[in-house]
Amino acid sequence: MGDHTIDLTVNGTTHSIDVEARMTLADALREECGLTGTHLGCEHGVCGACTVLMDGQPVRACLVFAVQCEGVEISTVEGLARDGQLHPLQQAFWDHHGLQCGFCTPGFLMLAVGALAENPDPSDEEMIEILSSNLCRCTGYQNIVKAVKAAAEHMRS
Amino acid sequence: MIGSSPRRIEDRPLLTGTARFAADVTLAGQLHMRVVRSQLASGRIAAVDVDAALEMPGVAAVWTGADVGDLPPIDFRMTKVEGLSPYRQPVLAVDFVRYVGEPVAVVFAESEYLAEDAADLVFVDYDDLEVSLDVTMPTLFQPDLSGEPARIEKGYGDVEKAFGEADVVVELELAIGRHSGVPLETRGALATWDGAALRVYGAAKVPHYNRDAVARMLGLDRDHVHFSEGHVGGGFGIRGELYPEDVLVCVAAMRLGRPIKWIEDRREHLVAANHSRDQVHRIRAAATRDGVITAIDDEFFHDQGAYVRTHAATVPDLTAAMLPGPYRIPSYRVTGHIVLTNKTPAGTYRAPGRYEGTFVRERVIDAVADRLGLDRIEVRRMNLITPGEIPYERDLLALGTHVVYDSGDYPTLLDAVLDHVDHTTLVAELVSRRGRGELVGMGVGLFVEKSGLGPFDEVRIELSEDGTVEVITGVASIGQGIETAMAQVCASALGADFESIRVTHGQTDRIDRGMGAFATRTTVMTGSATLAASQTLRRMIIDEAAAMLEASPADLDVAEGRVFVVGSPGASVGFAEVGAVTGGLSATEEFTTDHMTYPYGVHLAVVAVDAETSAVAVERFVIGYDVGKAINPTLVEGQLVGAVAQGLGGALYEEFVFDDHGQPLATSFMDYLMPTLTEMPPVEIVLSEATPSPLNPLGVKGAGEGGITAVGAAVAAAIDDALTSPGLVRRLPVTPDRLRAV
Ligand code: FES
Ligand code: FES
Chain A
1 MGDHTIDLTV NGTTHSIDVE ARMTLADALR EECGLTGTHL GCEHGVCGAC TVLMDGQPVR
61 ACLVFAVQCE GVEISTVEGL ARDGQLHPLQ QAFWDHHGLQ CGFCTPGFLM LAVGALAENP
121 DPSDEEMIEI LSSNLCRCTG YQNIVKAVKA AAEHMRS
Chain B
1001 MIGSSPRRIE DRPLLTGTAR FAADVTLAGQ LHMRVVRSQL ASGRIAAVDV DAALEMPGVA
1061 AVWTGADVGD LPPIDFRMTK VEGLSPYRQP VLAVDFVRYV GEPVAVVFAE SEYLAEDAAD
1121 LVFVDYDDLE VSLDVTMPTL FQPDLSGEPA RIEKGYGDVE KAFGEADVVV ELELAIGRHS
1181 GVPLETRGAL ATWDGAALRV YGAAKVPHYN RDAVARMLGL DRDHVHFSEG HVGGGFGIRG
1241 ELYPEDVLVC VAAMRLGRPI KWIEDRREHL VAANHSRDQV HRIRAAATRD GVITAIDDEF
1301 FHDQGAYVRT HAATVPDLTA AMLPGPYRIP SYRVTGHIVL TNKTPAGTYR APGRYEGTFV
1361 RERVIDAVAD RLGLDRIEVR RMNLITPGEI PYERDLLALG THVVYDSGDY PTLLDAVLDH
1421 VDHTTLVAEL VSRRGRGELV GMGVGLFVEK SGLGPFDEVR IELSEDGTVE VITGVASIGQ
1481 GIETAMAQVC ASALGADFES IRVTHGQTDR IDRGMGAFAT RTTVMTGSAT LAASQTLRRM
1541 IIDEAAAMLE ASPADLDVAE GRVFVVGSPG ASVGFAEVGA VTGGLSATEE FTTDHMTYPY
1601 GVHLAVVAVD AETSAVAVER FVIGYDVGKA INPTLVEGQL VGAVAQGLGG ALYEEFVFDD
1661 HGQPLATSFM DYLMPTLTEM PPVEIVLSEA TPSPLNPLGV KGAGEGGITA VGAAVAAAID
1721 DALTSPGLVR RLPVTPDRLR AV
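Set out below in structure tokens:
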């Protein structure tokens, strides 16, 4: 039914999919690639639940069209753990009770992965600014901050 | 295990993106449902033209109210106050629309995108009707039906006499804005019908109740209806109630013979899922010149929105019953008007009625203190119920149960919080900062919460043939960590290995009865039932092991999934061996209660007001809270901190605003402002286990709501203090515009 056939490279795997021009990256990941770890909390670019990495940069997958993503590397939450071994950020969210319902978690994880790759040692103010990009309705953020700090430290060591 | 904080057993799928939220479930052959919603707040439906939509390729069906006219309206789940029935919501609007967002028609199509396209082609003609938006001025619901269907009236003592004899009387009009839970996951449902049985995915909160309600509405045997809960992205009172859309997917699955999936978008959520709060109070307090409050007389108007939904009168009932809080208040009278308006229907939101009532009560106590020139905290202290008076019975009913404060030491908790912040020093600091021109201040709010609503909860624990342990309950998970908490109780009482316990919830085909997760009831009710079932299963396992070990049951103990002879741990059998020999064992127990248990807390806020922008920043927030016994302190703290964030939302940022025509103005996260990390102060917790509840074997009192209850009250008081204007804040949320205006 789609008008465009594109190759979408997600977590190192290429998916050849047919999409309409208007299909968002988030919907393409979820519906066409079967990767439902990327969540939709608003579909208008505020909540950040849909955050994925495009060539390492955090983006809102609800604000990007799938057809814009040919030739870029997409990373999603499904690609974080390797051989059953959790990524240090996943581990830290677990250790520090950084999630309750877990709906916002993939977005926060991808946001933090992208941000720490760019700046492995953010100051407290930088940390607040980065993590204020996304919404969480359950945790009050305190443990998310703890988790990201702990992971950052672990990843630097 | 009880009292420790192991990592949650439910987290792994949530961390790895393999969880299954409602939108993540896909069934072969499914159709997508899209709801056409009223764009008018009040009108008569003249005509609905569905032809263009029906002609679109890929559209399977389009229904209007006439197509589901045989369905009854959605019934009440709780507090059946007489006279509310005519105000229930139909599944699709018939003749009239009463709020922007009301379902008028539904489209079923092959994809979500197509369904949305087709929905745009459904044309509805309306005749405009007068809109009713002022809760204090009820109009007519229908020509022959009042817009005020019922009043809640409660009270005790001689209020008139107390006011007659009072040294001072203060009178206030106070308002709490319209806001709500707004979980990050929107609602969603997926139903499938195999010709004999209906299965519904996306259930939450009260799966068993909703199974029964849908069975009743559709004329099915309840054994042929199954509700299944997957992962749920937050609840907060609003998610999981039975809404029109849930019924529509069920009916459509049966009539169209294909699975039907509906996923709400955010705009829909903000106009269609339950709103909450939104009350105006006119309250009077009588006091002696020493500050002893002798009576409270309150009249309030509860904006129910366009229909009375599943909660019926729950929110105004709790507002009225819980308003006196932790204070003696020898006489009390309250009248709550339940008023219909042309706004989104309202239901419960975390600490329903208590967030509102606590704001109002604490404002009045501040006003009494201010009027008499007394210290706000000292006036509280002299009116607090003392430990010697507990159990303290109020001559009031809350949700049909007698209000009896079962346990508590309010003054000690207040002192603990004041000590924690070093109150005298803090006050001196604030005075000196104000002296330097900073607008900073402090406020406190005290409250009593409620938890552990009965009447029952049932738990079955199974030891399988291979020795694994499964706890099966009718409770639901909305992110609170229920699996971990129940596994901790089970591990402790049964002696099972914590990591290997599985907890199954929200599956109506696994257990026939269940109450679900609301009213902060699960730790108390399900925890106690889990404890009882664990103890029974432990006895059964010991009896079997005694035969296998040729030992006396009295000489056996259980730990980490092994039964061993006390004193000679070499002689032991594992659960796997017991399972293999017996072919599996199972124990079912229930816990019942007629009374709720009442936790209590103290909130303290320090705020700074920006002189130029009038924006309020919360610098510090302290919660003192007595949970009786914390099964998992980390989870308790997580609940409390998360609730503070929501409380601050309602106190400062979040509001469903409507224009004069009843058009909602907060329909995206650009207009409905939920706190981000930037707005969050560090939250300090003084967790107390001083007074375990005598009403359950664990001694627990729920923690789900105590982080939110007095946030509005404490922040309001702190703003007064920051601006040295006693009584300034009379309305939540305190937005910069509102603050500038006063
Ligand atoms: S879903 Fe993309 S930002 Fe909210
Ligand atoms: S954990 Fe529920 S939204 Fe963040």
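Keeping their order, the protein sequence lines are chains A and B. Under my numbering, the first sequence has 15 at position 15, and the numbering climbs by one with no breaks. So the mapping is simple: my numbering equals the position in the second sequence, first residue as 1, plus 1000. Quick reminder that beta carbons are idealized off the backbone N, C-alpha and C, glycines included. Every value quoted in this text rests on a predicted model; they were computed, and no experiment measured them.
(1) Below 8 Å on C-beta distance, what does A/Pro106 contact in chain B?
(2) Beta strand (DSSP E) containing B/Tyr1156: first to last residue?
(3) Is the CB of B/Pro1664 under 8 Å away from at least one CB in chain A?
(4) Any contact of the stretch 1344–1354 of chain B with the stretch 1275–1291 of chain B, i.e. 3+ C-beta pairs under 8 Å?
(5) Could you spell out the range, first to last residue, of the alpha helix (DSSP H) harbouring B/Ser1492?
(6) Please report whether the beta-carbon of B/Ile1238 lies at a distance below 8 Å from any beta-carbon of chain A.
(7) Could you check if A/Leu40 belongs to the surroundings of ligand 1, using beta carbon to heavy atom distance under 7 Å?
(8) According to DSSP, simplified to helix, strand and coil, what is A/Phe103?
(9) Is the stretch 1682–1702 of chain B touching the stretch 1624–1636 of chain B, taking contact as three or more C-beta pairs under 8 Å?
(10) Within its chain, find whatever has a CB closer than 7 Å to the CB of B/Pro1086; leave out the 5 residues flanking it on each side and keep chain order.
(11) Out of B/Ser1568, B/Gly1727 and B/Phe1096, state which residue places its alpha-carbon closest to the alpha-carbon of B/Pro1143.
(12) Determine, using beta carbons only, whether B/Tyr1600 comes closer than 8 Å to chain A.
(13) Give the C-beta separation of B/Leu1728 and B/Asp1720 to the nearest angstrom, bearing in mind that I take them to be a contact with Cβ-Cβ under 8 Å.
(14) Taking a cut of 8 Å between CB atoms, which residues from the stretch 138–151 of chain A lie near chain B?
(15) Using alpha carbons as the reference points, say which of B/Arg1187, B/Ala1197, B/Arg1216 and B/Met1033 lies closest to B/Ala1203.
(16) Using 8 Å as the threshold, is the C-beta distance between B/Met1596 and B/Lys1450 below it?
(17) Using the Cβ count rule (16 or more neighbours within 10 Å means buried), how would you classify B/Ala1428?
(18) Going by DSSP, what residues sit across from B/Phe1564 in a beta bridge?
(19) Between the stretch 1296–1303 of chain B and the stretch 1326–1341 of chain B, do three or more beta carbon pairs fall short of 8 Å?
(20) Quick check for students: name the residue ranges of the beta strand (DSSP E) that lie wholly in the stretch 1590–1623 of chain B, counting only runs of 3 or more.
(21) Assuming B/Ser1464 contacts B/Gly1561 under a Cβ cut-off of 8 Å, what Cβ separation, rounded to an integer in Å, is found between them?
(22) Go ahead and pull the three-state DSSP assignment for A/Ile74.
(23) Would you call the stretch 1174–1182 of chain B and the stretch 1351–1367 of chain B in contact, with 3 or more CB pairs under 8 Å?
(24) Can you tell me where the beta strand (DSSP E) holding B/Lys1261 begins and where it ends?
(25) Less than 8 Å between the CB atoms is what I'm expecting for B/Ala1321 and B/Lys1154, so what's the real figure, rounded?
(26) In or out: B/Glu1378 buried (at least 16 other Cβ within 10 Å) or exposed?
(27) Please compile the residues from chain B whose C-beta is within a distance smaller than 9 Å of the C-beta of A/His97.
(28) Consider the C-beta atom of A/Gly102 and the heavy atoms of ligand 2; say whether any pair is separated by less than 7 Å.
(29) According to DSSP, is B/Gln1507 helix, strand or coil?
(30) Would you mind working out which of B/Tyr1355, B/Phe1621, B/Leu1248 and B/Met1548 sits nearest B/Pro1072, comparing C-alpha positions?
(31) Tell whether a beta-carbon distance below 8 Å holds between A/Gly114 and A/Gly56.
(32) Thinking just about the alpha-carbon of each residue, which of A/Pro122, A/Asp83, A/Leu63 and A/Leu131 is nearest to the one in A/Glu153?
(33) Using the Cα positions of A/Gln68 and B/Ala1645, report the straight-line distance between them to the nearest angstrom.
(34) If you measure beta-carbon to beta-carbon, which residues of the stretch 24–56 of chain A are closer than 9 Å to chain E?
(35) When the distance is taken between beta carbons, is B/Gly1712 closer than 8 Å to B/Gly1647?
(36) Among the residues of its own chain, which have a CB less than 6 Å from the CB of B/Ala1197, if the five just before and after it don't count?
If we stick to the structure as given:
(1) Result: Gly1017.
(2) Unbroken beta strand (DSSP E) run through B/Tyr1156: Ala1150 to Tyr1156.
(3) When Cβ-Cβ separations below 8 Å define contact, B/Pro1664 makes no contact with chain A.
(4) Per the Cβ contact rule, the stretch 1344–1354 of chain B is in contact with the stretch 1275–1291 of chain B (3 or more Cβ pairs under 8 Å).
(5) Where B/Ser1492 is concerned, the enclosing alpha helix (DSSP H) stretches over Ile1482 to Leu1494.
(6) It does not; no Cβ of chain A falls within 8 Å.
(7) Distance from the C-beta of A/Leu40 to the nearest heavy atom of ligand 1 is below 7 Å.
(8) Residue state, collapsed to three classes: coil.
(9) Three or more beta-carbon pairs drawn from the stretch 1682–1702 of chain B and the stretch 1624–1636 of chain B are found closer than 8 Å, and the two stretches are therefore classed as touching.
(10) Excluding its 5 nearest sequence neighbours in each direction, B/Pro1086 has C-beta neighbours in its own chain below 7 Å: Leu1145, listed in chain order.
(11) For B/Pro1143, the nearest C-alpha among the options comes from B/Phe1096.
(12) Residue contact with chain A for B/Tyr1600: absent (no Cβ-Cβ distance below 8 Å to any residue of chain A).
(13) At roughly 5 Å, the Cβ-Cβ gap stays under 8 Å, so B/Leu1728 and B/Asp1720 are in contact.
(14) Answer in chain order: Cys138, Thr139, Gly140, Tyr141, Gln142, Asn143, Ile144 and Val145.
(15) Among B/Arg1187, B/Ala1197, B/Arg1216 and B/Met1033, the Cα nearest to that of B/Ala1203 belongs to B/Arg1187.
(16) Closer than 8 Å, so yes.
(17) By the 10 Å Cβ count, B/Ala1428 comes out exposed.
(18) Answer is B/Asp1557 and B/Ser1572.
(19) Three or more Cβ pairs drawn from the stretch 1296–1303 of chain B and the stretch 1326–1341 of chain B lie within less than 8 Å of each other, which places the two stretches in contact.
(20) Every beta strand (DSSP E) stretch that sits fully inside the stretch 1590–1623 of chain B and reaches 3 residues is listed by chain position as 1600–1609.
(21) Contact flag wrong, Cβ pair sits at about 12 Å.
(22) Taken through DSSP and simplified to helix, strand or coil, A/Ile74 comes out as strand.
(23) With the cut-off at 8 Å, the stretch 1174–1182 of chain B and the stretch 1351–1367 of chain B touch.
(24) It spans Ile1260 to Ile1263 - the beta strand (DSSP E) in which B/Lys1261 sits, taken as one unbroken run.
(25) With a beta-carbon spacing of about 6 Å, B/Ala1321 and B/Lys1154 fall inside the 8 Å limit used to define contacts.
(26) B/Glu1378 counts as exposed, since fewer than 16 other C-beta atoms from the protein chains shown sit within 10 angstroms of its C-beta.
(27) Proximity of chain B to A/His97 at the Cβ level (cut-off 9 Å) is accounted for by Ser1005, Arg1007, Arg1008, Asp1011, Gly1481, Thr1634, Leu1635, Glu1637 and Gly1638, in chain order.
(28) Under cutoff, so the answer is yes.
(29) In this structure, B/Gln1507 counts as strand in the three-state DSSP scheme.
(30) Measuring from the Cα of B/Pro1072, the nearest candidate turns out to be B/Leu1248.
(31) Their beta carbons are under 8 Å apart, which means A/Gly114 touches A/Gly56 by this criterion.
(32) Per the Cα distances, A/Pro122.
(33) Each residue's CA atom was taken as its position, placing A/Gln68 and B/Ala1645 some 37 Å apart.
(34) Checking the listed chains, one finds no chain E in this structure; the protein chains it contains are A and B.
(35) Cβ atoms of B/Gly1647 and B/Gly1712: closer than 8 Å.
(36) So the list reads His1224, once near-sequence residues are dropped.
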